[in-house]
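Asker: Structure below; questions to follow.
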Amino acid sequence: MATGKDEDLALGEVESTVEMAEALRASGVVDDLLAQVDSGEVALTGEGGLLPGLIKLALERGLAAELTDHLGYEKGDPAGRALPNARNGTFPKTVQTEAGPVPLEVPRDRDGSFTPRLVPKGARRLGGLDDMIISLYAGGMTLRDIQFHLASTIGTDVSHETISKIVDEISEEVLAWQRRPLDPIYPVVYLDAIVVKVKDGGHTRNKAAHIAVGVDMAGIKHVLGIWVQQNEGAAFWASVCADLANRGVRDVLIVCCDGLTGFPEAIAATWSQAAVQTCVVHLLRNALRFVSYSDRKAVAAALKPVYTAADAEAARAELDAFTTSELGKKNPTVTRVFDRSWEQFTPFLAFAPELRRVIYTTNAIESLNYQLRKVIKTRGQFPNDAAVVKLLWLAICNIEDKRAAERAKKYAQKRCRTAPGRLVEGQVVTNWKKALEQLSLVYPDRIERYL
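In structure tokens form, the structure reads like this:
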């Protein structure tokens with residue numbers, strides 16, 4: 001995790017860069033250059049552009065300094081004649097950058113012992129370009145889309161094979177994230193799945209990408225993992241829970257899900273004491289599915305007293321009242337939907353409003369899934385299951401980076417986030433302290449050891 005010292009150093013570098021830019025602007029040099037850019041005399045990026053030119057100057061100066069340090073004498077220093085090794089001219093090399101191709105004159109020595117660190121031997125791309133490719137891929141662009149985008153915007157021609165290799169390099173990082181150890185307890189876990197199209201044996205099939213989001217003891221939401229399977233089913237969810245347990249999750253107090261048949265049994269197979277809470281929003285959608293459009297608003301309003309009741313007994317009385325009403329008699333399927341899910345619908349009614357808002361719906365994960373669907377939509381189909389997990393992981397990282405930046409802007413913070421690199425970390429749940437207090441009262445033996 002980044003330390004305060006590291007963050008202060010980074011902030012100091014940013015401030016120094018800003019001061020340098022202001023000094024250049026005050027000297028008038030920047031104005032002259034930008035005037036040439038505006039008039040079309042000088043391109044900003046691409047081959048022969050201003051930014052590649054600046055990168056060339058910086059890199060060649062750095063390479064020259066590296067060679068001086070390697071040889072032990074400055075260029076032109078007579079003392080170098082007595083040393084066994086010496087400068088031996090340069091050789092041309094072009095590297096691809098996020099500003100466009102940059103032609104370099106790389107210095108070399110006579111005995112061939114000089115190994116540049118700034119532009120390593122064999123390197124044809126600088127790190128910034130790799131980051132740009134990964135970012136474009138995370139946004140849902142295909143490899144060929146990225147290739148065309150780089151060529152048309154910054155004039156950098158990167159082969160399809162190279163882009164594929166860059167993207168594949170993060171596979172090990174994704175695998176390590178998928179297998180990382182987890183906390184021993186997550187008070188609340190949300191489970192949901194989204195449909196993706198994957199090539200399978202020459203055919204394109206719909207598969208379910210199962211996603212688990214856990215709220216830790218500090219109230220921070222983490223994506224615990226991504227699993228791809230042919231269909232969303234209780235049996236596979238049982239294997240997901242088992243995988244989470246194998247990675248260290250010993251206890252879960254409340255699991256919020258969409259009411260899939262067999263879900264409670266699947267969860268109980270791993271965490272026998274976990275309370276299963278059916279998403280109230282999903283339940284209402286199912287209840288209103290066969291209600292005519294003209295009655296939908298009235299039925300929804302009539303059901304509100306059921307899910308806002310003081311306790312389960314009061315909720316039962318409200319549902320019975322609805323059942324015997326004119327609307328209830330006209331729409332008997334509504335009552336049957338609630339009756340079938342009653343045991344999984346009522347757990348949240350035992351808690352105070354602060355905790356009810358946390359567990360009554362899976363919106364916390366559905367909000368994430370909504371944004372993931374936008375990324376998936378642009379891709380169409382995936383070559384295999386691993387490609388699905390990789391893209392969803394990258395997209396989740398991008399989504400959280402944006403959220404962290406928005407939070408920092410909202411609260412006028414200089415630091416966007418303090419989590420380790422690539423940790424998917426979410427915003428603290430609203431009123432979490434109050435919700436945790438309620439949980440500690442209901443589950444004292446299970447939660448106090450972790451406080």
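In full-length UniProt numbering, the protein residues as written are 1 to 451.
Beta carbons are placed, not taken as given, at the ideal position from N, Cα and C, and that holds for glycine.
None of these values were measured; they are calculated from a predicted model.
1) Measuring only the C-alpha atoms, how far is Ala287 from Leu303?
2) Assuming Trp342 is part of the beta strand (DSSP E), what are its boundary residues?
3) At what residues does the beta strand (DSSP E) containing Thr204 begin and finish?
4) Taking contact to mean 3 or more Cβ pairs, one atom from each stretch, closer than 8 angstroms, check whether the stretch 277-295 and the stretch 241-258 are in contact.
5) Since Pro107 and Ala64 are thought to touch, with beta carbons under 8 angstroms apart, how far apart are those beta carbons, to the nearest angstrom?
6) In chain order, what residues of the same chain lie with their CB nearer than 8 angstroms to the CB of Asp243, ignoring the 5 residues before and after it?
7) Below 8 angstroms, how does it come out for the stretch 303-322 and the stretch 342-351: are there three or more Cβ pairs, yes or no?
8) Taking Ser292 as the reference, give the member of Ala321, Val334 and Arg110 with the closest Cα.
9) Hey, how far is the Cα of Pro101 from the Cα of Thr94?
10) Are there 16 or more other CB atoms within 10 angstroms of the CB of Thr361, so buried, or fewer, so exposed?
11) Taking 8 angstroms as the threshold (C-beta atoms), are Pro187 and Val249 in contact?
12) Does the beta-carbon of Leu451 have 16 or more other beta-carbons within 10 angstroms, so that it is buried, or is it exposed?
13) From which residue to which residue does the alpha helix (DSSP H) around Val320 run?
14) State the DSSP-derived secondary structure class of Gln277, mapped to helix, strand or coil.
15) Is the separation between the beta-carbon of Val174 and that of Val388 shorter than 8 angstroms?
16) Please look up how many angstroms separate the CB atoms of Ala234 and Ala193, rounded, as I've assumed it's under 8 angstroms.
17) Assess, as a yes-or-no matter, whether the stretch 429-447 is touched by the stretch 210-221 under the definition of 3 or more beta carbon pairs within less than 8 angstroms.
18) Do Lys207 and Val196 come within 8 angstroms of each other at the CB atom, strictly closer than that value?
19) Is Val119 helix, strand or coil by DSSP?
20) Would Arg110 pass as a contact of Ala86 if the rule is Cβ separation under 8 angstroms?
21) So, with DSSP's three-state summary, where would you put Phe351?
22) Have a look at the DSSP bridge pairing and note the partners of Tyr450.
23) Any heavy atom of the ligand NAP closer than 7 angstroms to the beta-carbon of Thr115?
24) Nearest by alpha-carbon distance to Val189: which of Glu74, Ile365 and Lys297 is it?
25) Once DSSP output is grouped into helix, strand and coil, what is the label at Pro92?
26) Take the Cβ of Pro420 as the centre, count every other Cβ of all protein chains shown within 10 Å, and call the residue buried at 16 or more, exposed below.
27) Which same chain residues end up closer than 6 angstroms to Gly12 when comparing Cβ atoms and leaving out the 5 residues on each side of it in sequence?
28) Beta-carbon within less than 6 angstroms of Gly72's beta-carbon, same chain only, minus the 5 sequence neighbours each way: which residues are those?
29) Could you compute how far the alpha carbon of Thr162 sits from the alpha carbon of Leu118?
Answerer: Concretely, from the data shown:
1) Numbered from 1 along the sequence shown, position 287 holds the residue referred to as residue 287. Numbered from 1 along the sequence shown, position 303 holds the residue referred to as residue 303. One alpha carbon belongs to Ala287, the other to Leu303, and they sit about 10 angstroms apart.
2) Counting from 1 along the sequence shown, the entry for residue 342 is found at position 342. According to the DSSP assignment, Trp342 belongs to no beta strand (DSSP E) but to the alpha helix (DSSP H) extending over Trp342 to Phe345.
3) For the purposes of this step, residue 204 is taken as the residue at position 204 of the sequence shown. For Thr204, the enclosing beta strand (DSSP E) begins and ends at His203 to Val215.
4) Segments in contact, yes.
5) In the sequence shown, the residue the question calls residue 107 occupies position 107. In the sequence shown, the residue the question calls residue 64 occupies position 64. Confirmed, Cβ separation roughly 6 angstroms.
6) Within the sequence shown, numbered from 1, the residue matching residue 243 stands at position 243. Correct list, in chain order: Gly225 and Trp227.
7) Yes, the stretch 303-322 touches the stretch 342-351.
8) On the sequence shown, residue 292 is found 292 positions in, with the first residue counted as 1. The candidate whose alpha carbon is nearest that of Ser292 is Val334.
9) If you number the sequence shown from 1, residue 101 lands on position 101. If you number the sequence shown from 1, residue 94 lands on position 94. Straight across, the Cα-Cα distance linking Pro101 with Thr94 is about 7 angstroms.
10) In the sequence shown, residue 361 corresponds to position 361, counting from 1. The residue in question, Thr361, is buried, as its Cβ has 16 or more Cβ neighbours within 10 Å.
11) Sequence index remark: in the sequence shown, residue 249 carries index 249 (1-based). Sequence index remark: in the sequence shown, residue 187 carries index 187 (1-based). No, these two residues do not count as a Cβ contact at 8 angstroms.
12) By one-based count along the sequence shown, residue 451 stands at place 451. Burial call: exposed.
13) In the sequence shown, the residue the question calls residue 320 occupies position 320. Rather than Val, the amino acid found at residue 320 in this sequence is Asp. Taken as a continuous stretch (DSSP letters only), the alpha helix (DSSP H) holding Asp320 covers Ala312 to Thr324.
14) Mapped onto the sequence shown, residue 277 falls at position 277. The DSSP-derived three-state label of Gln277 is strand.
15) The residue given as residue 174 occupies position 174 in the sequence shown. The residue given as residue 388 occupies position 388 in the sequence shown. No, these two residues do not count as a Cβ contact at 8 angstroms.
16) For the purposes of this step, residue 234 is taken as residue 234 along the sequence shown, with counting starting at 1. For the purposes of this step, residue 193 is taken as residue 193 along the sequence shown, with counting starting at 1. Contact between Ala234 and Ala193 fails: their C-beta atoms lie close to 12 angstroms from each other, not under 8 angstroms.
17) Because the criterion of three Cβ pairs below 8 angstroms is met, the stretch 210-221 and the stretch 429-447 touch.
18) Position 196 of the sequence shown, counted from the first residue, corresponds to residue 196. Position 207 of the sequence shown, counted from the first residue, corresponds to residue 207. For the 8 angstroms CB-CB criterion, Val196 and Lys207 form a contact.
19) The count along the sequence shown starts at 1 and reaches residue 119 at position 119. Per DSSP, reduced to three states, the secondary structure at Val119 is coil, with no helix or strand assignment.
20) Taking the sequence shown and counting its residues from 1, the one referred to as residue 110 is at position 110. Taking the sequence shown and counting its residues from 1, the one referred to as residue 86 is at position 86. It is a contact, given that the beta carbons lie within the stated cut-off.
21) Sequence index remark: in the sequence shown, residue 351 carries index 351 (1-based). Secondary structure of Phe351 (DSSP, three-state): coil.
22) To locate residue 450, count along the sequence shown from 1; it is residue 450. None, per the DSSP bridge assignment.
23) As presented, the structure is devoid of all ligands, the ligand NAP included, so that no description of it is given.
24) Against the sequence shown, residue 189 aligns to sequence position 189. With distances taken between CA atoms, Val189 lies nearest to Ile365 out of Glu74, Ile365 and Lys297.
25) To locate residue 92, count along the sequence shown from 1; it is residue 92. Pro92 sits in a strand when the DSSP states are folded into three classes.
26) Counting from one through the sequence shown, the residue named residue 420 turns up at place 420. Residue placement at Pro420 is flagged as unreliable, the pLDDT there being 48, under the threshold of 50; the coordinate-derived value follows with that caveat. With fewer than 16 other CB atoms across the displayed protein chains lying within 10 angstroms of its CB, Pro420 is exposed.
27) Here residue 12 is taken as the residue at index 12 of the sequence shown, counted from 1. With a pLDDT of only 47 at Gly12, under the threshold of 50, the placement of this residue in the model should not be trusted; the figure read from the coordinates follows. For Gly12, same chain residues with a beta-carbon under 6 angstroms away, outside a window of 5 residues either side, do not exist.
28) Here residue 72 refers to the residue found at position 72 when the sequence shown is read from its first residue. Its chain contains no residue whose beta carbon lies nearer than 6 angstroms to that of Gly72 once the 5 sequence neighbours on both sides are disregarded.
29) Taking the first residue of the sequence shown as 1, we reach residue 162 at position 162. Taking the first residue of the sequence shown as 1, we reach residue 118 at position 118. Rounded to whole angstroms, the gap between the alpha carbons of Thr162 and Leu118 is 21 angstroms.
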